[in-house]
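*Asks:*
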Amino acid sequence: MDLTIKQNEEVDEVQLRELISLCHEENSLLNLLKSTRLIFTVSAHVNNQLVGILIVWTSSFHPFCMYFRILSHPFYRGWNIEHKLLSELKTLNIGTYPFQTSIWETAIHLKTLFETNDFHEIRRTYMQNINVQEIKKLAPFHVKKDKLNITTLHELIKNRELMFIAN
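Numbers 2 to 168, taken from the working numbering, label the letters of the sequence shown in order.
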């Protein structure tokens, strides 16, 4: 089984969806592949199976940097796929702006990888826990608060039918 690295190749959407799910990432990464903001991709394959991907894009939110995300199949963690994809990123010399990414705090292997490759943690983001009963008060003024049906995740899990109710 050989690892193959491909630049800007068409990525199988089904395989990418599976990889995104395995990595607990957001499906919005799929939209980047069809976006004009996409700069390039580098994918890693074993026997034509997508086992890793590096996606680089721009954003108007931070116009003077380039965002990137590295995903790798957890089964292939010992193959150093993230390191190989990051090495590709560093050799491409695609622009003058610095690279920026974000990771979950629990992704210790990525934190270590980035820190050993001259990346530095800039900040951590903290989000407030909001009481579900208070959410209606926080709704934008143009939303009809009597039309909001808000429930906790715990209640949702107990009543799976709620997950399939159409708007």
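For every residue, glycine included, the Cβ atom is placed at its ideal position computed from N, Cα and C. Please read these numbers as outputs of a predicted model, since none were measured by experiment.
Entirely within the stretch 78-147 and at least 4 residues each: give me those alpha helix (DSSP H) ranges in chain order.
*Replies:* 82-93, 109-116, 136-139
*Asks:* On the DSSP bridge assignment, give the partners of Q8 in chain order.
*Replies:* As a working mapping, residue 8 is identified with position 7 in the sequence shown. Answer is V43.
*Asks:* What whole-angstrom Cβ distance do Y68 and Q101 have, given they're in contact under 8 Å?
*Replies:* Numbered from 1 along the sequence shown, position 67 holds the residue referred to as residue 68. Numbered from 1 along the sequence shown, position 100 holds the residue referred to as residue 101. Indeed, because the Cβ distance is near 6 Å, the residues count as touching under 8 Å.
*Asks:* Please determine whether the Cβ atom of A45 lies at a distance below 7 Å from any heavy atom of the ligand COA.
*Replies:* Among the components modelled here there is no ligand, and therefore nothing to report on the ligand COA.
*Asks:* Across the stretch 39-58 and the stretch 74-85, are there enough close Cβ pairs to call them in contact, namely three or more that are closer than 8 Å?
*Replies:* yes
*Asks:* Quick check on L51: does DSSP put it in helix, strand or coil?
*Replies:* Position 50 of the sequence shown, counting from 1, holds the residue named residue 51. Residue state, collapsed to three classes: strand.
*Asks:* Nearest-angstrom Cα distance between K7 and Y98?
*Replies:* Indexing the sequence shown from 1 puts residue 7 at position 6. Indexing the sequence shown from 1 puts residue 98 at position 97. Approximately 23 Å between the Cα atoms of the pair.
*Asks:* How many angstroms separate the CA atom of N130 from the CA atom of T153?
*Replies:* Within the sequence shown, the letter at position 129 stands for residue 130. Within the sequence shown, the letter at position 152 stands for residue 153. Spanning the two alpha carbons is a distance of roughly 12 Å.
*Asks:* How would you label V15, buried or exposed, when you count the other beta carbons within 10 angstroms and need 16 or more for buried?
*Replies:* What you label residue 15 is simply residue 14 of the sequence shown in a count that begins at 1. Its Cβ having fewer than 16 others within 10 Å, V15 is exposed.
*Asks:* Identify every residue that forms a DSSP beta bridge with R70.
*Replies:* Reading the sequence shown from its first residue, position 69 is the one you call residue 70. I56.
*Asks:* Give the range of the alpha helix (DSSP H) segment to which I21 is assigned.
*Replies:* Stepping through the sequence shown from its first residue, residue 21 is reached at position 20. Counted as a single uninterrupted DSSP element, the alpha helix (DSSP H) harbouring I21 occupies residues 14-23.
*Asks:* Looking at L90 and V133, is the spacing between their C-beta atoms short of 8 Å?
*Replies:* Within the sequence shown, residue 133 is the residue found at index 132, counting from 1. Within the sequence shown, residue 90 is the residue found at index 89, counting from 1. Cβ atoms of V133 and L90: not closer than 8 Å.
*Asks:* Which word fits S60, buried or exposed, when buried means at least 16 other C-beta atoms lie within 10 angstroms of its C-beta?
*Replies:* Working through the sequence shown from its first residue, we reach residue 60 at position 59. With fewer than 16 other Cβ atoms within 10 Å, it is exposed.
*Asks:* Whole-angstrom Cβ separation of A1 and I82, contact assumed at under 8 Å?
*Replies:* This structure does not reach residue 1, given that the chain is present from 2 up to 168, and the question cannot be answered.
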